[in-house]
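Take a look at the structure below.
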Amino acid sequence: MARNQGRHRIARRTKIATALLGLSIAVGALVVSTTTGDPERAAADEVDRSQFVDITKVRPNVEKPEPGRNASTGSFTVDCGRNENGHFNPDNFIAQPGVRNGAQHLHDYVGNLSTNADSDNDSLLGAGTTCRNGDESTYFWPVVRIDTAEEAAEQQGGQNQERRQDGRDQNRDGDRNRQRNQDDQNQQNDQDQNNDEQDQAQLEEPNADNELAGNDGEIQRPAVVDITFKGNAREKVKEMPKFLRILYGDAKVSTNGPANARESWTCTGFENRLIKQYPICPEGSDVKRVHTFPSCLDGDNIDSENHRDHIKYPDENGECANGLTAVPELTISLTYEIPRQIQVNGQYKVDSFPEEDHNPFSDHDDFANVMPDRIMDRLVDCVNEGRQCRE
Numbered sequence: 003m004a005r006n007q008g009r010h011r012i013a014r015r016t017k018i019a020t021a022l023l024g025l026s027i028a029v030g031a032l033v034v035s036t037t038t039g040d041p042e043r044a045a046a047d048e049v050d051r052s053q054f055v056d057i058t059k060v061r062p063n064v065e066k067p068e069p070g071r072n073a074s075t076g077s078f079t080v081d082c083g084r085n086e087n088g089h090f091n092p093d094n095f096i097a098q099p100g101v102r103n104g105a106q107h108l109h110d111y112v113g114n115l116s117t118n119a120d121s122d123n124d125s126l127l128g129a130g131t132t133c134r135n136g137d138e139s140t141y142f143w144p145v146v147r148i149d150t151a152e153e154a155a156e157q158q159g160g161q162n163q164e165r166r167q168d169g170r171d172q173n174r175d176g177d178r179n180r181q182r183n184q185d186d187q188n189q190q191n192d193q194d195q196n197n198d199e200q201d202q203a204q205l206e207e208p209n210a211d212n213e214l215a216g217n218d219g220e221i222q223r224p225a226v227v228d229i230t231f232k233g234n235a236r237e238k239v240k241e242m243p244k245f246l247r248i249l250y251g252d253a254k255v256s257t258n259g260p261a262n263a264r265e266s267w268t269c270t271g272f273e274n275r276l277i278k279q280y281p282i283c284p285e286g287s288d289v290k291r292v293h294t295f296p297s298c299l300d301g302d303n304i305d306s307e308n309h310r311d312h313i314k315y316p317d318e319n320g321e322c323a324n325g326l327t328a329v330p331e332l333t334i335s336l337t338y339e340i341p342r343q344i345q346v347n348g349q350y351k352v353d354s355f356p357e358e359d360h361n362p363f364s365d366h367d368d369f370a371n372v373m374p375d376r377i378m379d380r381l382v383d384c385v386n387e388g389r390q391c392r393e
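Note that the working numbering gives residue 172 to position 170 of the sequence shown, counting from 1, and the numbers run on in steps of one.
Right, dumping it as structure tokens:
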């Protein structure tokens with residue numbers, strides 16, 4: 003697989019220099035840290051090797067409900083490409099409307115061509131699409147990257163350089179500590195300045211290589227992007243309302259807990275088992291992410307305050323709870339041709355918020371329905387009539 007390693011080394015040197023500059027600026031704290039969390043580890047660059055699991059050692063765990071008499075058993079697949087046009091940004095207009103780099107990690111987009119932090123219902127309409135059938139919906143998920151051992155070694159060298167600088171700074175901190183005791187107000191002012199600098203760094207835009215602090219490496223374009231809508235095991239589905247927003251998974255699982263997180267990872271040929279770790283696939287099998295969205299809607303609501311209360315998952319029998327109605331169930335499947343040695347070495351990762359440290363359990367996906375009515379009508383008819391349709 004071709005690779006431009008030089009550009010990523012330059013990006014890391016830039017970040018190391020920035021971190022050292024931050025150390026020289028921040029005055030007044032006993033120990034000054036310029037990275038989030040423990041200074042003995044990388045700031046969301048490396049992935050814990052325990053997060054990689056041999057998929058062949060995982061027991062099948064995916065159970066699908068048996069269709070009932072009134073089930074809607076069809077499917078409707080939309081071809082929106084693989085982001086060949088390079089539509090990336092670190093925004094999320096659903097969760098962080100109007101905030102540039104609100105996600106702090108890079109998203110891959112297909113469908114609507116205009117999606118960014120400032121998107122709203124009006125801007126999405128008529129903006130154009132990558133979908134062959136004219137579906138202007140927006141589909142987006144965090145990118146997957148490869149980070150080679152050579153780059154990891156260089157990064158470790160940068161960390162060692164930072165630690166040596168930390169040691170020199172700590173020696174100077176003894177003198178600063180005595181000065182701080184004479185002037186507590188200056189200490190507070192200096193700490194506030196340091197916090198402001200860290201907040202500004204968190205809102206840093208991607209560089210020319212679409213890298214962000216803590217999220218770097220070669221972006222992997224999916225070999226296959228499958229966007230398929232299915233029915234419900236107990237009832238016919240109704241149309242999704244225009245501009246319906248749906249979230250899959252939880253980008254901040256470490257902060258919020260596992261309630262909304264989903265097991266997303268598998269390998270081709272092993273789709274009957276999903277795990278919350280990164281899979282190591284056997285030869286001839288590819289890494290795969292499977293994102294199945296909730297599909298039981300509360301009336302015609304297109305959103306809710308937490309972006310979740312308006313739409314829920316069916317129960318283990320495939321039935322929607324009282325008061326909820328089934329709409330088409332969206333599943334986005336993403337397949338990546340990642341060399342097996344890269345998998346074994348633990349050198350691929352999903353973009354994440356800094357505090358997640360590329361936790362694979364933080365995998366997530368977003369969807370906003372901007373389908374023209376004629377396409378939604380075809381979708382619902384196809385699913386309810388038990389046909390397999392592709393557009």
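Glycine is no exception: its CB is placed at the ideal position from the N, C-alpha and C atoms.
Comparing alpha carbon positions, the residue from P281, R264, Y250, P260 closest to T270 is P281.
Taking a cut-off of 8 angstroms on C-beta distances, the region 79-92 does not touch the region 287-295, as fewer than three cross pairs fall below it. At least 8 angstroms separates the beta-carbon of N319 from that of H312.
In the three-state reduction of the DSSP assignment, A105 falls in the coil class, being assigned neither a helical nor a strand state. As the crow flies, the alpha-carbon of P69 is around 26 angstroms from that of K290.
Beta-bridge pairing by DSSP links Q343 to no other residue. Restricting attention to P356, A261, E321, V352, the CA atom closest to the CA of R310 is found in A261.
In the displayed model, D375 falls within a helix according to three-state DSSP. By the 16-neighbour rule on beta-carbons within 10 angstroms, K351 is buried.
The beta carbon of H107 sits closer than 7 angstroms to the beta carbons of P92, P144, L214, N217, D353, S354, F355 from its chain, once the five residues preceding and following it are set aside; these are given in chain order. For a cut-off of 8 angstroms, the C-beta gap from N347 to F245 is around 43 angstroms, too long to register as a contact.
N212 and L126 have their C-alpha atoms roughly 23 angstroms apart. Here V226 is exposed, its C-beta having fewer than 16 other C-beta atoms within 10 Å. Across the set F90, N135, I377, the C-alpha of F90 shows the shortest separation from the C-alpha of I221.
Going by DSSP, S125 is part of the alpha helix (DSSP H) stretching over 123-126. Contact annotation: K278 and V382 have beta-carbon atoms that are not nearer than 8 angstroms. Beta-bridge annotation (DSSP): K314 is paired with C298.
Shown here for P224: same chain residues with a beta carbon closer than 7 angstroms to its own, the five before and five after excluded, namely R84, L336, T337, Y338 in chain order.
Cα atoms of D137 and P374: separation of roughly 7 angstroms, rounded to the nearest angstrom.
Using a Cβ distance threshold of 8 angstroms, G130 and L115 count as a contacting pair. Within the DSSP bridge table, the entry for P260 names no partner. When the beta-carbon positions are compared, N361 and S256 come within less than 8 angstroms of each other. Closest in alpha carbon position to R61, among L332, E273, E358, is E273. In the structure shown, K59 adopts helical secondary structure according to DSSP, grouped into three states. Distances from the CA of E207 to each of K314, A119, Q53, I57 were compared; the closest alpha carbon is that of A119. With at least 16 other beta carbons inside 10 angstroms of its own, N234 counts as buried.
Between K59 and S52, the alpha-carbon positions lie close to 14 angstroms from each other. The alpha carbon of P99 has as its nearest neighbour, out of E307, E358, P284, the alpha carbon of E307. For H366, the enclosing beta strand (DSSP E) stretches over residues 366-370.
DSSP places S287 outside both helix and strand once states are collapsed to three, so it counts as coil. Cβ-Cβ distances below 6 angstroms link D365 to G251, S266, V352 in the same chain, with the five nearest sequence neighbours on each side left out; the list follows chain order. For the pair Q349 and I57, the CB atoms are not nearer than the 8 angstroms cut-off. Judged by DSSP in its simplified three-state form, C133 adopts coil rather than helix or strand. Where G251 is concerned, the enclosing beta strand (DSSP E) starts and stops at 247-251.
Looking at the DSSP output, V64 shares a beta bridge with no other residue. Excluding sequence positions up to five before and after K232, its CB lies within less than 6 angstroms of the CB of S77, E331, all in the same chain and listed in chain order.
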